[in-house]
Each structure stands twice: as structure tokens, then as C-alpha cells.
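The structure appears below as C-alpha cells.
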Amino acid sequence: MTNPSALLHLLQLASPALPVGAYSYSEGLESLVDRGQVNNLATLEHWLIQELRHGAIRLEAAVMVRAYQAITTQDWAALRTWNQWLSAARETEELRLQSWQMGRSLLRLFCDLDLIRQFDPNCQRSLQEEGCNFAIAYAIGAATWQIDRQSALLGYLYGWASNLVSAGVKLIPLGQTAGQQLLLMLQVPLQAAIDDVLRLPDEGLDSCGWGLALASMAHECQYSRLFRS
């Protein structure tokens, strides 16, 4: 990315300081740690890489790219359709509520910052009423700030990975150095995931997320927990 303004916007959009509450979610990781299935650096790395290759984050990222395209072409009907599609693809209530809460918070922030004044009002109202997924709200910000598609996708996936690495550091626990080492180890898988997502056709939008779904369902009734999902 050579545009300094777009780069700054991407850093802001992918920042952990973004007030959407991402830090309060572990996406099932807490229950995996509680059961001893993820208990060190190697098992956490394996979990994250498998999610990037086959899991729900791959699906979310692909829908984010399609929402980005719909916004740039002002295809508001397509944007609503992809938002509804992603809501329907959520396998547990926890994961759906997480996506809606983060999406609603980000969309409200964009409204407060007056960033979407040229956005279709009917579509905006529908997203607010139906529940706006985080991937959709992220795409709105990326397209509005004119961040190129590939960089926006990298920021989305890196934000997901860094949040779960941070959760793993707290839960397992791991040292801060180990967390940074893991982020370095994930650079190649993240780049591979970007290439995969950008080539993914509509008929290839699927995921093997039963492990995440089971972990999320177990987390709903976990006796003691630090995270909301």
C-alpha cells in the first residue's frame, strides 16, 4: 500500500483500540483451553492455522470481500443479501451475537464519525434492524476509506488472529514473547489465506467449522469464564 492516508485508515480499522469489544471474545477458544485441547503454543498455532484454512473466518473474509465489492458498485441489494447470508451461516447463537454486537458498534461509530452520509439510507436502516455482521461493517469502512481490497482483507484476518493470540496469552497462559512469536509464525498462513479467499468462487463458500461450533456451544454453559464467547 503506497497511499499514506489509506494506510493510516487501515491501521485504525484493524487497531485493537477500535471500540467494538473484540477483546471480550475468544470464539470458543476458552472452552478448548478449559478442556485441555489447546494448552501450549503449538496447539494454539495448529488451531488458528486450521481455522484460516477451513474454518468460519475463511467464510467471513470471503463475504467481507463480496460486501466490499457491493459497496464500491453501490449494489445495496447485494450488500443486504450477503449480510443475511452470513447471519444464516452462523452455527451458534454466541457466534451470531458476537458478530452482530461488533458490527452494530462499528456501524454506530461510522455514523458518529459521519463517514457514511452517502450510504443508501434504506440499506443502512435494514442493517441496523436485521443485525449488521462485523464483516459487513468492516467492508463499509474499508470501501469508504478507499483501502484497497487486498490490504483490507489482510487487516481483517490479522485483526482476527491478533485478538485470538491475545486471548490465548491470557488463557493458556503464554508469555507475551510467545504471543509475538506466534504472530510471526502466522504470517505465511495469513498470506496463503488471502490468496485462497480472493480466488474463492460463490459456490465454494463453505467451511468445516464443526470444531468451532462444538467449542462455542460448550462455552455457552461453561461454569466459569473470562470471555463472552
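According to the working numbering, the sequence shown holds residues 18 to 246 in order.
Where a beta carbon is used, it is the ideal one built from N, C-alpha and C, also for glycine.
In angstroms with no decimal places, state the Cα-to-Cα distance between Cys225 and Ile74. Roughly 11 angstroms separates the two Cα atoms.
Which residues mark the beginning and the end of the alpha helix (DSSP H) in which Asn139 is found? Going by DSSP, Asn139 is part of the alpha helix (DSSP H) stretching over Pro138 to Glu147.
Does Gly52 pass the burial test, meaning 16 or more other C-beta atoms within 10 Å, or should it be called exposed? Per the sequence shown, the amino acid found at residue 52 is Arg instead of Gly. Its Cβ having fewer than 16 others within 10 Å, Arg52 is exposed.
Label Val205 either buried or exposed according to how many other C-beta atoms from any shown protein chain fall within 10 Å of its C-beta, with 16 as the threshold for buried. Classification for Val205: exposed.
Would you be able to state if there are at least three C-beta pairs under 8 angstroms between the stretch 171-186 and the stretch 199-218? Contact holds: three or more Cβ-Cβ distances are below 8 angstroms.
For Ala87, collect the residues of the same chain with a Cβ closer than 6 angstroms to its Cβ; drop the 5 residues on either side in sequence, then sort them by chain order. The answer, listed in chain order, is Ala95 and Leu96.
Give the secondary structure of Gly120 by DSSP, where H, G and I count as helix, E and B as strand, and everything else as coil. Helix.
Opening and closing residue of the alpha helix (DSSP H) in which Asp212 lies: Asp212: member of the alpha helix (DSSP H) spanning Gln204 to Arg216, first to last residue.
Looking at the structure shown, is Asp165 part of a helix, part of a strand, or coil, going by DSSP? In the structure shown, Asp165 adopts coil according to DSSP, grouped into three states.
Suppose the cutoff is 7 angstroms on Cβ atoms and the five residues either side in sequence are ignored; what does the same chain contact list for Pro36 look like? The answer, listed in chain order, is Ser122 and Leu126.
If distances are taken between C-alpha atoms only, which option among Leu76, Leu49 and Asn20 comes closest to Leu170? The shortest CA-to-CA distance from Leu170 to any of Leu76, Leu49 and Asn20 is the one to Leu76.
Measuring alpha carbon to alpha carbon, tell me which of Leu27, His26, Val82 and Ser32 ends up nearest Asp212. Among Leu27, His26, Val82 and Ser32, the Cα nearest to that of Asp212 is on Val82.
As assigned by DSSP and simplified to three states, the class of Gln86: In this structure, Gln86 counts as helix in the three-state DSSP scheme.
Helix, strand or coil for Thr109? Go by DSSP, reduced to three states. Thr109: coil per DSSP, three-state reduction.
What alpha helix (DSSP H) runs, 4 residues minimum, are completely inside the stretch 23-61? For the stretch 23-61, whole alpha helix (DSSP H) runs of length 4 or above, ordered along the chain, are 46-51.
Which class does Asn180 belong to by DSSP, given the choice of helix, strand or coil? Reduced to three states, the DSSP call for Asn180 is helix.
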